[in-house]
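Data first, discussion second: the structure below is written as structure tokens.
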Ligand SMILES: NC(=O)c1ccc[n+]([C@@H]2O[C@H](COP(=O)([O-])OP(=O)(O)OC[C@H]3O[C@@H](n4cnc5c(N)ncnc54)[C@H](OP(=O)(O)O)[C@@H]3O)[C@@H](O)[C@H]2O)c1
């Protein structure tokens, strides 16, 4: 039987961000379970739950009395079927299993989705009040998952993350270092968040007394790709790519995501922009 008042947290999809979050919670003395197929990769102190979320009904030793859940499962491939499996089917199955096992009402369920739910592509600002009008299957499936959570009746929150970077995720830095990064023609905005702020925002929302249903999880500064590449080049000591020699097809200008709601909720960023974040990485 779950101990009265004690936090019992399940992190489903305990990977790059999930492991960072789970480790933090364990260090604070909470009881944490990590669900993934390769459970030997879970951090120390996290109780392993090995298996496929799509087969949640088969998971052995499922914890009783879970109080909070973070769902951060990622798709195996950039294909609609994989997205559907990871975000919709897996979510549905896990909610079903939680319902079966419930010994007390779930206090919170945070679903990690992404800024791909927005269709804006001309460089405009978006926030949680902007109509989500996705341009491709990724955004559509993510919105479907958000609807599954909303309709499930559990106290749910969707955190729409921007591009996650941090230790070990250095593809961009590596390309810049190798002198292979070129500016695309025109302004192309990107929205980012450091791994530690992704985990930090999740932790913040797990314990927020009265969260909203949706938050954008991005840092303070949507930034033009060329500006980021040039800054990174200077940081690692190579010649910055020349905007005059921009290469490749003209890309849509993207969107600028606002983190005002997350900030107003009390979350303070450790890495408020790509500069602080990448400086820590390089
Ligand atoms: N990467 C980005 O820039 C970005 C941007 C916005 C949003 N997001 C979303 O943010 C979340 C966290 O991202 P991340 O970078 O931490 O992802 P990640 O490192 O790929 O971690 C996801 C975890 O999900 C587990 N998983 C995948 N399919 C599973 C299944 N069927 N059953 C059980 N576990 C499964 C994987 O472990 P096993 O393979 O061991 O099962 C992995 O540990 C994801 O939902 C991701 O889609 C990512």
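In my numbering, the protein residues as written are 44 to 325.
Using N, Cα and C, we set each Cβ at its ideal position, and we do this for glycine too.
Continuous alpha helix (DSSP H) stretch holding residue i: start and end
i	result
residue 276	268 to 279
residue 191	180 to 195
residue 143	133 to 144
residue 74	Segment 74 to 79 is the beta strand (DSSP E) holding residue 74; no alpha helix (DSSP H) there.
residue 297	Here residue 297 belongs to no alpha helix (DSSP H); instead the beta strand (DSSP E) covers 297 to 300.
residue 123	123 to 126
residue 225	From DSSP, residue 225 is part of no alpha helix (DSSP H); its letter is neither H nor E.
residue 319	317 to 324
residue 304	303 to 307
residue 130	Segment: none, residue 130 is in no alpha helix (DSSP H) and carries neither H nor E.
residue 68	59 to 70
Contact set for residue i: own chain, Cβ-Cβ below 7 Å, skip 5 residues either direction
i	result
residue 127	184
residue 186	160, 175, 177
residue 67	242, 246
residue 286	226, 269
residue 132	97
residue 213	324
residue 281	219, 220, 222
Cβ shell of residue i (< 8 Å), same chain only, five flanking positions each side left out
i	result
residue 266	232, 233, 235, 316, 317
residue 216	275, 279, 321, 324, 325
residue 273	226, 283, 284, 286
residue 289	225, 226, 227, 228, 229, 269
Same chain only: Cβ atoms within 6 Å of residue i, ignoring 5 sequence neighbours per side
i	result
residue 209	237, 238
residue 327	Residue 327 lies beyond the stretch modelled for the chain, which goes from 44 to 325, so this question has no answer here.
residue 63	238, 242
residue 162	176, 177, 178
residue 76	53, 90, 92, 106
residue 108	45, 51, 146, 147
residue 58	none
residue 258	202, 304, 305
residue 299	168, 232, 265
Neighbour flag for residue i against chain B, beta carbons, 7 Å
i	result
residue 206	Given the protein chain composition of this structure (a single chain), no chain B is represented.
Opposing strand residues paired with residue i [DSSP bridges]
i	result
residue 110	According to DSSP, residue 110 bridges with nothing at all.
residue 208	237
residue 156	203
residue 151	111
residue 232	267
Start-to-end residues for the beta strand (DSSP E) that takes in residue i
i	result
residue 90	90 to 93
residue 258	257 to 260
residue 167	165 to 169
residue 54	51 to 55
Contact under 7 Å by Cβ, residue i with residue j
i	j	result
residue 291	residue 227	yes
residue 142	residue 240	no
residue 182	residue 192	no
residue 261	residue 302	yes
residue 138	residue 195	yes
residue 69	residue 88	yes
residue 136	residue 99	yes
residue 249	residue 151	yes
residue 113	residue 153	yes
residue 65	residue 134	no
residue 180	residue 264	no
residue 197	residue 115	no
residue 293	residue 229	yes
residue 204	residue 157	yes
Contact test: residue i Cβ vs ligand 3 heavy atom, cutoff 6 Å
i	result
residue 85	Because ligand 3 does not appear in the structure shown, any question about it cannot be addressed here, the ligands present being ligand 1.
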